[in-house]
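Here is the structure we will look at, set down as structure tokens.
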Amino acid sequence: MKKLKKVDVVIVGMGWTGGLIAQELSGKGLKVVGLERGAMRVPEKDFVIPFVRDELKFQQRRELQQNLARETITFRNKSNERALPMRNLGSFLPGEGLGGAGLHWNGMSFRNTHADHELRSVISNRYGKKRIPSDMDLRDWPQTYSELETHYSEFEQLCGVSGKAGNIKGNIQPGGNPFEAPRSKDYPLPPLESSLSNDLFNKASRSLGYNPYPLPAANCSKPYKNQYGDVFGQCQYCGHCELFACESNAKASPNITVLKRPLSDKDFELKTHSWVTRLKKGKGSNRIEGVYYTNMQSGEEYFQPAETVFLCAWTLNNVHLLLNSGIGAAYDPKTGDGLVGKNYCYQVMAGARLFFEKKELNTFMGAGALGSVVDNFNSENFDHSQLSFLGGGFIANLSMGARPISSHPVPPGTPKYGTEWKKAVQKWYNRNTLLIIHGSNYPSRLNYLSLDPTYKNVFGQKLLRMTFNFTDNDRNMMEFLQIRLKKIIKEMNPTHTAGPKKLSNNYNIVPYQSTHNTGGAIMGTSPADSVVNKYCQSWDHPNLFILGASAFPQNTGYNPTLPLGALSYYVAKGVKEKYLKKPGALI
Amino acid sequence: MDLKSFFNRRELFKLIGLTGLTSILLSPRSSFSEEKPAAESVEMGFVFFTAEEVAFIKSYVDILIPADEFSPSASSCGVANFIDRQLSGSFGVASRTYLQGPFYNGSPSQGYQKPFTPSEIYRKSIHQINEYCQRKYKLPFDMIGVKNQQRVVDRVHSNRLLKNSELLMDFSKLILQNTKEGFFADPVYFGNKNKVSWKMIGYPGVLALYSQAIKKFKGKKYSAPVYSIEDID
């Protein structure tokens with residue numbers, strides 16, 4: 029093991045959060061090292077036409093995702109089951125390499141609602157304190173929406189989000205989301221061009237009295253230059269977005285934005301293929317002394333000492349590193365003691381495929397975040413007083429692009445192979461569309477992350493173990509949302525419909541659902557019930573910051589990236605204005 | 327102008343949204359041709375499958391995707407070659423799969439829990455299905471005729487060939503997935519010869535620059551030359 033020279037800052041993980049922190053700390057004379065366990069990814073070299081459109085490589089073989097041969101997680105639905113390794117990727121698709129999942133996300137860029145940031149208070153005020161079940165640990169975020177608003181705007185500007193504002197400074201905007209919390213500024217770009225299926229969805233949902241609006245997209249509707257001078261191209265609606273990198277520079281990624289500042293700073297050093305295995309706690313002090321990592325190309329192990337450590341890996345990897353480093357007490361669902369691994373949440377999803385005999389929908393044209401959304405049944409946008417659940421979700425029609433291997437749906441009852449199947453594929457490939465429910469997931473005492481006693485990663489370290497199942501709250505919520513979804517479907521009047529399926533009794537780790545895993549190192553206002561404070565600073569170790577959706581106290585009905593970006597800006601501001609001047613506990 | 331040079335990414339990037347590159351590229355006067363001149367047809371060799379297995383796999387995928395009014399058969403589109411090359415490479419040895427023990431039977435929600443790689447599943451399953459055909463028809467699968475092949479394949483895919491065979495259940499999912507992958511993947515992977523499946527469904531290929539077409543062709547049938555990776559590379 030080789031000990032390296034001490035630096036001011038080491039950042040673990042070079043995706044959206046790590047990249048944003050690296051940007052905010054660059055140009056200040058600080059020696060910063062960024063460690064990324066995956067490969068270097070340079071869009072203008074690695075992702076060009078025609079190779080960037082290789083569906084077999086990027087979608088089927090998961091080229092940009094984590095290689096499970098080296099590390100995976102184990103999974104079980106309940107504590108009394110034996111957790112077994114997730115041997116292949118399925119339910120969620122964590123990224124690896126420079127830019128992380130930010131390189132191959134879809135770009136869906138929602139702000140949370142006002143209530144999402146003050147959830148416990150809002151629900152208690154509306155329905156009484158007793159309404160929240162004792163085993164559902166709902167929280168207020170330690171920051172209000174108003175405190176985060178400028179940072180939401182900042183991140184939207186950074187990414188060139190295309191959308192239609194619903195509420196500018198309290199003024200409701202026609203065509204936008206009327207449930208939106210007030211925003212100080214409009215979106216930096218107008219919405220993407222809608223698809224025909226979006227139009228059909230809009231018409232149907234309007235006739236039901238709902239308020240459809242264009243899905244906010246970090247896919248640029250026009251060429252764009254952000255506040256840092258980063259240049260974006262126009263979205264080509266190529267239909268190769270999620271799981272793919274963008275050759276047009278139209279989809280925001282860390283690689284074409286935040287990482288540019290540190291990479292041109294002489295004091296910043298990026299080390300790819302550098303896999304951090306654990307953090308080192310100081311002896312007799314509350315400091316983190318640095319991180320151990322292995323260069324995956326040479327096999328050599330290093331110790332990188334640092335004044336300050338930013339843990340910016342993916343949600344599950346943040347929690348895994350904390351547990352494997354013995355930082356903080358691991359959560360125990362039996363006693364309720366311990367905090368690391370607590371409040372692990374996910375997303376509760378459903379989908380329906382609609383087939384229209386007489387419509388040419390040009391399904392191969394699309395963008396990762398091209399869609400139309402109804403938010404009437406999300407969050408606290410509707411009255412829950414007579415309902416058997418809390419939470420909600422958005423209902424949307426998505427035009428993400430039908431790539432031929434992964435998207436050639438056929439109506440129910442079609443054979444799985446043979447001439448009849450081919451006939452149906454030919455008939456319906458261009459005549460179908462997808463509606464989804466994207467639901468919140470509130471914490472359950474029984475859902476958590478811990479270390480597995482049996483299975484090991486490539487370094488012989490214990491794997492992270494996930495114990496997770498859907499709750500009655502999730503099932504009741506989904507039943508309610510599906511009734512609304514079915515109304516929209518009926519109004520759209522398709523020739524055939526497949527789904528939605530009832531939410532399964534057991535969460536299944538095989539089919540893809542979303543990579544919106546949250547919690548496990550949650551933020552709060554007291555060390556008694558949270559791992560980090562509102563600056564994502566560890567209560568136990570003031571020179572350790574843990575950023576990511578791991579800090580979310582619960583998961584909302586929205587995609588997590590925009591709140592994550594806003595939170596990262598908020599943390600960076602606190603670090604720059606307070607911590608760098610006087611390193612130590614900020615609260 | 328040599329359009330290939332457009333695919334220098336920086337050039338492309340400068341032009342997108344500024345000069346309406348898409349309209350240039352989609353014009354029929356594009357200087358690169360949609361179809362490469364047909365090379366002398368050379369039978370492609372197999373590297374993973376044995377001769378017996380080649381015969382099996384060709385006839386099996388032709389039951390899944392037969393020749394009909396929609397396309398030539400899977401094997402004549404190169405799907406058997408596709409599967410062969412996939413199994414001889416990283417997919418075949420499950421290079422990105424967590425394969426460490428111990429191995430236990432899990433619940434359905436825990437996913438695949440066996441130690442076998444795709445290449446092992448294929449080899450063992452082909453052997454078992456051929457044994458079945460030998461017992462029942464005194465001939466290997468490829469020799470029993472299309473009608474019987476259809477029967478055998480239907481029984482494999484409804485898991486009724488051998489009593490509760492977990493192996494064949496896994497095989498049925500795998501071969502269906504790989505056959506469709508080969509049929510719909512870019513021709514650069516040897517299946518989908520002449521972009522036949524893309525033409526069948528109306529997928530216009532990998533150029534996919536639709537910033538103007540999304541509006542112009544809303545609700546209308548879109549037609550344009552179909553480009554594969556090799557057409558542009």
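Protein chains in written order, with our numbering: chain A, 29 to 615; chain B, 327 to 559. Virtual Cβ for every residue (Gly too), placed ideally from N, Cα, C.
Under 9 Å from the C-beta of residue i: neighbouring residues of chain A
i, result
"residue 550(B)", "Within 9 Å Cβ-Cβ: nothing; residue 550(B) doesn't reach chain A, min ~11 Å."
"residue 428(B)", "482, 483"
"residue 497(B)", "Going along chain A, no residue has its Cβ under 9 Å from residue 497(B), so there is no contact; the nearest lies around 14 Å."
Chain-ordered neighbours of residue i on chain A, where CB pairs are closer than 8 Å
i, result
"residue 451(B)", "The premise fails here: residue 451(B) is roughly 16 Å from chain A at the closest Cβ pair, so nothing lies under 8 Å."
"residue 373(B)", "By Cβ distance, chain A contributes nothing, its closest Cβ being about 18 Å from residue 373(B), past 8 Å."
"residue 555(B)", "78, 79, 81, 82"
Where residue i falls: helix, strand or coil (DSSP)
i, result
"residue 190(A)", "strand"
"residue 128(A)", "helix"
"residue 280(A)", "coil"
"residue 409(B)", "helix"
"residue 146(A)", "strand"
"residue 453(B)", "helix"
"residue 218(A)", "coil"
"residue 465(A)", "strand"
"residue 509(B)", "helix"
"residue 472(B)", "helix"
"residue 613(A)", "coil"
"residue 355(B)", "Confidence at residue 355(B) is low in this model, with a pLDDT of 35, below 50, so its placement is unreliable and no value can be given for it."
"residue 263(A)", "coil"
"residue 360(B)", "Note that residue 360(B) scores 49 on pLDDT, short of 50, meaning its location in the model is unreliable; the coordinates nonetheless yield the value given after this. Here residue 360(B) sits in coil by DSSP."
"residue 252(A)", "strand"
"residue 168(A)", "strand"
"residue 492(A)", "strand"
"residue 364(A)", "coil"
Residue i: contacting residues in chain A (beta-carbon distance under 7 Å)
i, result
"residue 523(B)", "432"
"residue 432(B)", "112"
"residue 558(B)", "77, 78"
Outcome for residue i when other beta-carbon atoms lying within 10 angstroms are tallied against a minimum of 16
i, result
"residue 16(A)", "Here chain A covers residues 29 to 615 and nothing more, so residue 16(A) does not appear."
"residue 360(A)", "exposed"
"residue 509(A)", "buried"
"residue 46(A)", "buried"
"residue 453(B)", "exposed"
"residue 507(A)", "exposed"
"residue 186(A)", "buried"
"residue 363(A)", "exposed"
"residue 30(A)", "exposed"
"residue 181(A)", "buried"
"residue 600(A)", "buried"
"residue 511(A)", "exposed"
"residue 82(A)", "buried"
Residue i: contacting residues in chain B (beta-carbon distance under 8 Å)
i, result
"residue 115(A)", "423, 424, 425, 437, 438, 439"
"residue 96(A)", "422, 423, 424"
"residue 493(A)", "The contacting residues do not exist; residue 493(A) stays about 12 Å from chain B at best."
"residue 84(A)", "507, 511, 512, 515"
Interface residues of chain B facing residue i [CB-CB closer than 9 Å]
i, result
"residue 458(A)", "527, 528, 529, 547, 548"
"residue 451(A)", "394, 395, 396"
"residue 538(A)", "434, 435, 436, 437, 438"
"residue 535(A)", "435"
Partner residues on chain B for residue i, Cβ-Cβ distance less than 7 Å
i, result
"residue 103(A)", "436"
"residue 100(A)", "424"
"residue 393(A)", "536, 539, 540"
"residue 224(A)", "544, 545"
"residue 135(A)", "What residue 135(A) touches in chain B: nothing, since even the nearest Cβ is about 16 Å away."
"residue 267(A)", "534"
Listed by chain order, chain E residues near residue i by CB distance under 7 Å
i, result
"residue 392(B)", "The structure shown contains no chain E; its protein chains are A and B."
query = Three or more C-beta pairs closer than 8 Å, one from the stretch 582–597 of chain A and one from the stretch 452–471 of chain A: is that the case here?
reply = yes
request  = Check whether the stretch 101–111 of chain A touches the stretch 318–334 of chain A, counting contact only when three or more Cβ pairs, one atom from each stretch, lie closer than 8 Å.
outcome  = no
message = Report the start-end ranges of each beta strand (DSSP E) in the stretch 294–345 of chain A that is 3 residues or longer and not cut off at the edges.
response = 296–299, 302–309, 316–323, 329–339
request  = Answer yes if the stretch 396–413 of chain B comes into contact with the stretch 514–532 of chain B, meaning at least three C-beta pairs across the two stretches below 8 Å, and no otherwise.
outcome  = yes
inquiry  = For a minimum of 3 consecutive residues, which ranges assigned as the beta strand (DSSP E) are wholly contained in the stretch 72–100 of chain A?
reply    = none
Complete runs of the alpha helix (DSSP H) confined to the stretch 426–466 of chain A [at least 4 residues] = As far as the stretch 426–466 of chain A is concerned, its whole alpha helix (DSSP H) runs of at least 4 residues are 447–456.
ask   = Just checking, does the stretch 559–577 of chain A make contact with the stretch 529–540 of chain A on the three C-beta pairs under 8 Å criterion?
value = no
query = At a cut of 8 Å, does the stretch 410–428 of chain A reach the stretch 487–494 of chain A through at least three beta carbon pairs?
reply = no
ask   = At a cut of 8 Å, does the stretch 263–275 of chain A reach the stretch 230–241 of chain A through at least three beta carbon pairs?
value = no
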